[in-house]
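Participant:
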Amino acid sequence: MDSIYVISSIHIEDSGSVTRKRTVGWFPTLAESVRVVTNNEGDLYEANHYNHCVIEEVQAGLYPSIGRKECQEWWFKWALLDKYLLVGKPDGLEDMINFCNMG
């Protein structure tokens with residue numbers, strides 16, 4: 007099945023709460039979306055406004071299903087190297103999915 011890769015910029019407080027989230031784009035390949043995030047293209051970081059990014063695989067279709075078995079996630083955190091680095095899913099968000107559609 008065809009997929010797209012959706013990038014969302016997220017700010018996560020030290021307490022683990024998500025305080026800001028913005029879906030910023032999508033790409034036809036995982037490689038292209040990873041390049042955009044790791045190179046901070048378009049200034050995704052926005053001076054610490056968004057300290058994390060997530061790429062979610064979304065399958066094509068009407069009302070596409072997004073769930074643990076239907077899609078994958080790739081998480082990135084802003085590092086002192088002035089770029090996003092691939093990390094594990096942040097603590098406290100293990101049961102949350104579908105960040106690209108969160109209000």
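Okay, so the sequence shown: first residue is 7 according to the numbering used here, each after it adds one.
Each residue gets a CB set at the ideal place from its N, CA and C atoms; glycine is no exception.
#1: According to DSSP, is Ser21 part of a helix, a strand, or is it coil?
#2: Does the Cβ of Val93 have 16 or more other Cβ atoms within 10 Å, making it buried, or fewer, making it exposed?
#3: Please state whether the Cβ-Cβ distance between Ile10 and Leu50 is less than 9 Å.
#4: Could you check if His58 is buried or exposed, using at least 16 other CB atoms within 10 Å of its CB as the buried criterion?
#5: Can you give the Cα-Cα distance for Ser23 and His17, rounded to whole angstroms?
Facilitator: Once the coordinates are examined:
#1: As a first step, residue 21 is located in the sequence shown; it is residue number 15 there, counting from the start. Ser21: coil per DSSP, three-state reduction.
#2: In the sequence shown, counting from the first residue as 1, residue 93 sits at position 87. By the neighbour-count criterion, in which 16 or more other beta carbons inside 10 Å mark a residue as buried, Val93 falls on the exposed side.
#3: Locating residue 10 in the sequence shown gives position 4, counting from the first residue. Locating residue 50 in the sequence shown gives position 44, counting from the first residue. Contact flag unset, no.
#4: For the purposes of this step, residue 58 is taken as the residue at position 52 of the sequence shown. The residue in question, His58, is buried, as its Cβ has 16 or more Cβ neighbours within 10 Å.
#5: Here residue 23 refers to the residue found at position 17 when the sequence shown is read from its first residue. Here residue 17 refers to the residue found at position 11 when the sequence shown is read from its first residue. So the alpha carbons of these two residues sit roughly 8 Å apart.
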